[in-house]
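Presented below is the structure to which this report refers.
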Amino acid sequence: MSYTNKTALIIGGSHGIGLATAQLLQSQGAKVLVTGRSPDPIRSAQAQLGPAAKVIPCDITSLPSIDTLVEAASSFFGTGRTVDLLFINAGYAALEPFADVSEASFRRTFDTNVFGAFFAAQKLAPTVRSGGAIVFTTSVANQMGIPGMSVYAASKAAVHSFVQTLAAELVGMQVRVNAVSPGFVRTPTMGVVGASKEDLVEFEGQGVKSTPMGRIAEPEEVARAVVFLGFEATFTTGEQLVVDGGLTTLRLH
Numbered sequence: 001m002s003y004t005n006k007t008a009l010i011i012g013g014s015h016g017i018g019l020a021t022a023q024l025l026q027s028q029g030a031k032v033l034v035t036g037r038s039p040d041p042i043r044s045a046q047a048q049l050g051p052a053a054k055v056i057p058c059d060i061t062s063l064p065s066i067d068t069l070v071e072a073a074s075s076f077f078g079t080g081r082t083v084d085l086l087f088i089n090a091g092y093a094a095l096e097p098f099a100d101v102s103e104a105s106f107r108r109t110f111d112t113n114v115f116g117a118f119f120a121a122q123k124l125a126p127t128v129r130s131g132g133a134i135v136f137t138t139s140v141a142n143q144m145g146i147p148g149m150s151v152y153a154a155s156k157a158a159v160h161s162f163v164q165t166l167a168a169e170l171v172g173m174q175v176r177v178n179a180v181s182p183g184f185v186r187t188p189t190m191g192v193v194g195a196s197k198e199d200l201v202e203f204e205g206q207g208v209k210s211t212p213m214g215r216i217a218e219p220e221e222v223a224r225a226v227v228f229l230g231f232e233a234t235f236t237t238g239e240q241l242v243v244d245g246g247l248t249t250l251r252l253h
């Protein structure tokens with residue numbers, strides 16, 4: 001499939017699923033603008049994507065930072081409705097038992113996953129073309145009880161709610177709104193902030209054991225689902241596409 005002359009803005013694209021999505025789209029001819037938060041992943045992503053792409057810092061917990069991103073998108077893609085795919089993938093997850101969650105951790109999770117996702121969508125929706133799409137990242141955590149993920153799961157449930165409401169509100173603009181809902185995915189942090197190497201090995205092992213397909217996903221597998229929702233699922237809106245190897249549906253273990 002060719003995506004020549006297509007454009008994609010990927011928020012949270014300096015590593016993992018976001019970077020894999022940028023690489024997949026770029027390999028098929030799309031023009032991509034990617035954001036990250038930390039300098040080293042931003043530099044690494046820019047090196048991997050090359051000069052045709054642009055990778056910039058953005059903190060979606062800050063409205064001025066989102067405003068700067070809107071300006072950067074207009075500069076990179078052109079003014080008006082010039083974005084074919086807006087992929088809101090930035091997120092924060094801490095693996096914490098319910099009894100140990102701090103106010104700071106709770107606020108950071110909701111500031112990133114709920115506040116940030118909402119206002120990024122609000123401020124960037126006017127840049128999405130007629131016939132274009134917004135894709136959010138949710139999680140299987142909002143569909144099943146996973147110990148240590150009470151706050152994260154609640155934040156992603158809020159995002160799922162946004163998907164349904166925004167799909168209804170933006171349908172008149174001919175903009176589709178959907179979500180991709182990954183299970184366990186092989187990324188540098190396994191989607192969990194602050195975990196030790198030992199914890200990550202254990203977490204991955206739990207993922208392999210609990211996933212009916214007997215392995216965890218590669219970022220590229222989730223990226224293909226994002227691209228499908230963004231460009232191929234032209235009569236789908238308000239939906240959540242689960243990419244979890246059967247984890248939530250089959251529950252064999």
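At position 150 of the sequence shown the residue is numbered 150 (full-length UniProt numbering), and the sequence of numbers has no breaks. The beta-carbon is built from N, C-alpha and C at its ideal position, and this holds for glycine as well. In this text, all values refer to a predicted model and were calculated from it rather than measured experimentally.
Check, Outcome
"If distances are taken between C-alpha atoms only, which option among Leu247, Ala233 and Gly116 comes closest to Cys58?", "Gly116"
"Rounded C-beta distance between Pro97 and Gly145? I'm assuming under 8 Å.", "With 8 Å as the limit, Pro97 and Gly145 do not qualify as a contact, their Cβ atoms being about 13 Å apart."
"Per DSSP, what are the beta-bridge partners of residue 278 in this structure?", "It is not possible to answer for residue 278, since the shown part of the chain is limited to 1 through 253."
"For Phe137, name the three-state secondary structure that DSSP assigns.", "First, the amino acid is wrong: residue 137 is Thr here, not Phe. Thr137 falls in the strand class under three-state DSSP."
"Hey, how far is the Cα of Ala104 from the Cα of Ser139?", "22 Å"
"To which residues does DSSP link Arg176 through a beta bridge?", "Ala133"
"Can you check DSSP and say which residues form a bridge with Phe87?", "Ile10 and Val135"
"Going residue by residue through the stretch 69 to 124, where are the continuous alpha helix (DSSP H) segments of at least 4 residues, counting only ones entirely within it?", "103 to 110 and 117 to 124"
"Where do the N-terminal and C-terminal ends of the beta strand (DSSP E) with Gly36 fall, by residue?", "Lys31 to Gly36"
"Using beta-carbon positions only, say whether Val32 and Ile17 come within less than 8 Å of one another.", "no"
"Would Lys156 be called buried (16 or more neighbouring beta carbons within 10 Å of its own) or exposed?", "buried"
"Measure the C-alpha to C-alpha separation of Leu25 and Ala99 and round it to an integer number of angstroms.", "42 Å"
"Count the other C-beta atoms from every protein chain shown that fall within 10 angstroms of the C-beta of Thr137, then say buried if there are 16 or more, exposed otherwise.", "buried"
"Measuring CB atoms only, is the stretch 79 to 92 touching the stretch 126 to 137, in the sense that at least three cross pairs come out at less than 8 Å?", "yes"
"Candidates Arg224, Glu232 and Asp244: which alpha carbon is nearest Arg215's?", "Asp244"
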